[in-house]
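Trainee:
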Amino acid sequence: MNTRSDTRAGNDALRSAAVSYATLARVFSAPAFLLLVATVVAPVFVVVLISFTDYRLGRLTLNVVGLGNYTRLLSDPFFWGALRNCAIYTAIVVPISVFGALYLAVLLDARRQSRRFYEIVFFLPVTSTLTAMSIVWSYLLNGHIGPLAHLLAGLGLPPVDFFADGTLALIGLSIIGVWHLIGFNLILFLAGLTVISSELKEASALDGMDGFWDRLRYLTWPLLAPTTIVIFVLSCIQAFQVFDTVAVLTNGGPYGATEMLLHKINTDTFTALKAGYGSALTVVYLVLIGTFSLLQVWLGNRKAHF
Amino acid sequence: MTVKAILTAAALALGVTAPALAADSVTLDFYHSQLPFLPSLIEGFRKAHPDIVIHDLAPVASYSAGDQTVIRGMMTGTAPDVYLASYASLASIADVMKDRGNAQSLDPLFAKEGKAWTAANYPPAILDLAKVGGEQYAMPFTASLPLLYVNKELVEKAGGTIDHFPSTWDGVIDLAAKISKFGDGVQGIGFSVGGLSDDWYWQMMVMSAGDRMLNDESTGIGYDNKAGLEALRVTQDIAVKTGMSVYADPKPAQQQFFAGKIGIVVESPSDLVAYETAIGDRFTMRTVRFPLIDAEKGGLPAGGNALMVLANDPAKRAAAWEFIKYMTSVAVQADVSKASGYMPVNVQSASALQGFYADHPNFQTVFASTPAARPWFAYPNNTADGVWKGVAPILDQLQRGKLTADAALPMIRDHVAGVMASQ
C-alpha cells in the first residue's frame, strides 16, 4: 500500500525505477506473505468451511449440514455452561490481576534498591511452564496432604478440597490464573509509570498531595489510564484462553463446573472426534477473541489522541 | 587360501545371507499405554522371534490419547502396525478404518490356524469382547471384571466374614452401614457411581440389573424399565443408607481405603498388585464378587484391552499375528495375570496358575464372575462422552439424596435421547 502511494508521489522520470522497486518489495515480502496465508489465514478458512459439515476426525467422507452445527450449539447446555464458566473465570481473574498489579507497581515504583529483586520475583510465574506449575498447585491446594490442608487443620478448620467442589474448583483455577497473570501486568504497569515525569510528582507534592492514596487517585491513576485499558483487554484475552490448568487439574470437572470453551473445543474435536461441531465452536471462539482484539486496537488508537 | 578364494567365500556368504536377512526381518511399530509388565514380555518375544523386530513406541498416558494419535496416524500414513486398544475404543477405530477403506479383520488369520486351535486357546466369551459387527477386529490381551475390594478386619469387626460375604447389594449395604457406625472417620463403602471420567461404574449397575445401556435402535436408554429403576434405587441406597461420602473423583475413596478408613470399594482386578503394594501390612485386603442386582439375567462389563493390527502389508500382518499369538500364549498370559491381577485370556493359563491361585486367593475371585462377562458397551459414533456428561451429575445428585430414583430416570432418558438425536 505504502509503496504504491510513494510511486504515485514520485516524478515520471523515476517511475520505471519505482515500479521495479515496488515489484522487488513484493518479491521480498512474498515468502512471509505466503507463509502467513498457508499457516494462519488458510487454516482459519478451512475451519470455517468444516464448521458447515458433519466431518468426523479421521474420516474421508463428510456431508454439508449448513448452519446445523451452529443451531445445535445454541441449544447445547454444555456450550452455554462453558461460556458461563469462562465469563466467571475472566470476571474473577481480570480485576484482581489488573488492580493487584497496579497496586504492586505503584509500591515498587518508589523502591530504589529492592525494585529489581521484586520485579524478578513477581515475573517468575510468567516464565514458568503453566502445565508443570499446575501440578505443583494441585499439591498446594490439595485438601488432605498439602500445606493449605496443614494450615487449616492447625487452625482447627475443616479441610477444603478445592478441586472436588464445583464452586471452589473454579476459584482454585482463578487463584492460579491470577498468580500467572499478575507478574506480566506488573511489568507493563511499571513501564507505564516510567513515562510519568518526576516534575509532575514534585509539583503535586508541592500542591499538598502527600498521601499515597491521594497521589494514586489524582495523579498516577489518570495518567496510567491508557496503559490500564490495554492491560485490561490483554488480560481478558489471556483469561479467556485458559486451558492448561483445566486440562491438567480438573478436566472440566467436577461435573462440568470448570469446563471452559477451549477445553470443550479440544474434547469435542479430538476425543469425541466431532470435528464439524468442534470447528463451529472454534469459529465462535475466534469471533469472541477477535472482538476483544478489535476493542484493544480501537482503544489503543484512542490513546494516541489522549 | 588365496585372496581370490577369500573374496569368493565372502561374496558367497553375502549373497546367501544378505537377501535372507532382508526377506525375513520385519519391523513392527507397537503402540500401547503404559503397562509395567509389557517391556519384559516384548523382550521375551525378541528372543523367541529374532526375525521380527518390535519397535516399541513411547507409551501413551491414556487410552483416549492413544486413540487420537492412532487416528491422526491413519490420516497421515504414520499409524502404528500393532495397537493395544481398550475394548471401549475398538468400534470407533474400526469405523475409521472402514471409512478409509483399509479395514481388515483378523478372521482370515484365525481361519488359517483352524477352529480346533482357536477353541483350545480362547473361550468364545473372551473373543466376543473384541468383535465389531460380528468380525474379530482385535485379539483380547487382558480382561477384567469388577470386584469388591474389602478390608477384612473392618468386615469382621462388623460381624461379617469373607467366606460368607453377602451376595446381594442389600446385604452389602447392611454390612457397610454397620461399618459406618464405628466412627473415627470410618466409612462402610466408597462407590461414587457418577464420579468417574467414563461410565464404567454405571455400566456395572445397569448390566448387573440385566439391562442394556442403549435400546436396539440406539435412540435412547435401554433401561427405561423396572430393572433400570432398580439399578437407580440400589445406586442411591449404597450411598444414602450407609452415610457414604459422595465424591466427583475416585481418588479420595481409594486413598481412604488404603488408609484403612473405608470398608469396601469397587475396582478392577487389574489393580490388584498395585493395591496390595499400596496397602502393605496395614490391614488384610480381600477381593469378593461384585453382587449382581439380577442374579440370573445380570451381567458385568468386561474391561481390559485388545491387540489391533493396523498394518495392511501381508508380511507385516503375518509378523503381527506371530506377535499376537505369543502375547496371548499360555505362559505369557500366566505372567500377565501374576503381574497385574487380570484374567488370562488363554484358557490353558488358568490350569497353569492353579498353584499360584491356591496361595493368592484374591487373584481367583474374578473367575467366579466369568459367566456374567458381557462386552463393554461401546456407544455408537463416539457418543459415550456426551452421554456420560449428562448422566454423571444426575447420579451424583441421586447418591447425595437430592433426587429420587423416580425423578432421575426421566432426566437420564431425556438427556440420552437428546444426545442420540443430535449425533
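Protein sequences, first through last, are from chains A and B.
Counting from -7, one number per residue, gives the positions in the first sequence under our numbering.
Counting from 211, one number per residue, gives the positions in the second sequence under our numbering.
Idealized CB from N, CA, C, for every residue including glycine.
Beta-carbon separation of B:Phe375 and B:Val498 under 8 Å?
Mentor: Yes, the pair counts as a contact, with Cβ atoms nearer than the cut-off.
Trainee: Against chain A, with Cβ distances strictly below 8 Å, would B:Ser407 count as a contact?
Mentor: yes
Trainee: Pick helix, strand or coil for B:Gly430, following the three-state DSSP scheme.
Mentor: coil
Trainee: Apart from the five residues on each side of it in sequence, which residues of its chain come closer than 8 Å, Cβ to Cβ, to B:Glu532?
Mentor: If we look at B:Glu532 and ignore the five residues flanking it on each side, its Cβ neighbours are His259, Ile262.
Trainee: Just how far apart, CA to CA, sit B:Lys341 and B:Ala419?
Mentor: The C-alpha of B:Ala419 is placed about 24 Å away from the C-alpha of B:Lys341.
Trainee: Starting from A:Gly292, find everything on chain B with Cβ-Cβ shorter than 9 Å and list it in chain order.
Mentor: Listed along chain B is no residue with a C-beta nearer than 9 Å to that of A:Gly292; the closest approach is about 39 Å.
Trainee: Can you tell me whether B:Glu532 is helix, strand or coil according to DSSP?
Mentor: DSSP places B:Glu532 in helix when its eight states are reduced to three.
Trainee: For A:Leu253 versus A:Tyr269, is the C-beta distance shorter than 8 Å?
Mentor: For the pair A:Leu253 and A:Tyr269, the CB atoms are not nearer than the 8 Å cut-off.
Trainee: When you compare each of B:Gly405, B:Arg496, B:Glu477 to B:Arg635 by their alpha carbons, which one comes out closest?
Mentor: With chain B running from 211 to 633 in the structure shown, residue 635 of chain B is simply not present.
Trainee: Check whether the Cβ of B:Pro333 lies closer than 8 Å to any Cβ atom in chain E.
Mentor: Annotation note: the requested chain E is absent from the structure, which comprises protein chains A and B.
Trainee: Please list, in chain order, the chain A residues whose beta carbon lies closer than 9 Å to that of B:Asp624.
Mentor: Chain A residues near B:Asp624: none, gap ~12 Å exceeds 9 Å.
Trainee: Measuring alpha carbon to alpha carbon, tell me which of B:Gly324, B:Val270, B:Val626, B:Thr371 ends up nearest B:Thr494.
Mentor: B:Thr371
Trainee: Could you give the residue range of the alpha helix (DSSP H) that holds B:Leu608?
Mentor: 594 to 609
Trainee: Below 8 Å, can you find three or more Cβ-Cβ pairs linking the segment 459 to 471 of chain B to the segment 400 to 414 of chain B?
Mentor: yes
Trainee: Would you call B:Val365 buried or exposed, if buried means 16 or more other Cβ atoms sit within 10 Å of its Cβ?
Mentor: buried
Trainee: List, in chain order, every chain A residue whose beta-carbon is nearer than 8 Å to that of B:Ala441.
Mentor: In chain order: nothing, as chain A lies at least about 20 Å away.
Trainee: Let me know the secondary structure DSSP gives B:Ala232 once reduced to three states.
Mentor: Here the model assigns B:Ala232 a pLDDT of 46, short of 50, so the residue's position is not dependable and the matter cannot be decided.
Trainee: Beta-carbon separation of A:Val170 and A:Ile229 under 8 Å?
Mentor: The Cβ-Cβ distance between A:Val170 and A:Ile229 does not fall below 8 Å.
Trainee: Exposed or buried, which one is A:Ile168 when buried takes at least 16 other CB atoms within 10 Å?
Mentor: buried
Trainee: Which residue's Cα is closest to the Cα of B:Arg584: B:Ile303, B:Ala615, B:Val519, B:Pro334?
Mentor: B:Pro334
Trainee: Could you spell out where the beta strand (DSSP E) holding B:Gly400 opens and where it closes?
Mentor: 397 to 400
Trainee: Any heavy atom of the ligand FMN within a distance shorter than 7 Å of the CB on B:Leu442?
Mentor: As for the ligand FMN, it is missing from this structure, which has no ligand bound.
Trainee: Flag A:Asn243 as yes if its beta-carbon sits less than 8 Å from any beta-carbon of chain B, otherwise no.
Mentor: yes
Trainee: State the Cα-Cα distance for the pair A:Phe25 and A:Val234, rounded to the nearest angstrom.
Mentor: 30 Å
Trainee: Identify, in the order they occur along the chain, each residue of the same chain with its Cβ nearer than 6 Å to the Cβ of B:Lys507, setting aside the five sequence neighbours on each side.
Mentor: Gly420
Trainee: Find out if the Cβ-Cβ distance for the pair A:Phe44, A:Leu273 is shorter than 8 Å.
Mentor: no
Trainee: Verify the CB distance criterion: does B:Arg310 have a CB-CB separation below 8 Å to chain A?
Mentor: yes
Trainee: Distance, Cα to Cα, B:Gln633 vs A:Ile42?
Mentor: The C-alpha of A:Ile42 is placed about 16 Å away from the C-alpha of B:Gln633.
Trainee: Expressed to the nearest angstrom, what Euclidean distance is found between the alpha-carbon atoms of B:Ser377 and B:Gly473?
Mentor: In a straight line, the C-alpha of B:Ser377 is about 16 Å away from that of B:Gly473.
Trainee: Give the residues of chain A in contact with B:Gln609, contact being defined as C-beta atoms less than 9 Å apart.
Mentor: Here the premise fails: no neighbours, minimum Cβ distance about 12 Å.
Trainee: Measuring CB to CB, does B:Phe468 end up less than 8 Å from B:Ala488?
Mentor: yes
Trainee: If you measure beta-carbon to beta-carbon, which residues of the segment 336 to 355 of chain B are closer than 9 Å to chain A?
Mentor: none
Trainee: Between the Cα of B:Ala618 and the Cα atoms of B:Ala512, B:Val444, B:Leu319, B:Ser559, which residue gives the shortest distance?
Mentor: B:Val444
Trainee: Using a beta-carbon distance below 8 Å, is A:Thr159 in contact with chain B?
Mentor: no
Trainee: Measuring only between beta-carbons, confirm whether B:Val456 sits less than 8 Å from chain A.
Mentor: no
Trainee: Please list, in chain order, the chain A residues whose beta carbon lies closer than 7 Å to that of B:Asn635.
Mentor: As shown, chain B starts at 211 and ends at 633. That puts residue 635 of chain B outside it, with no answer to give.
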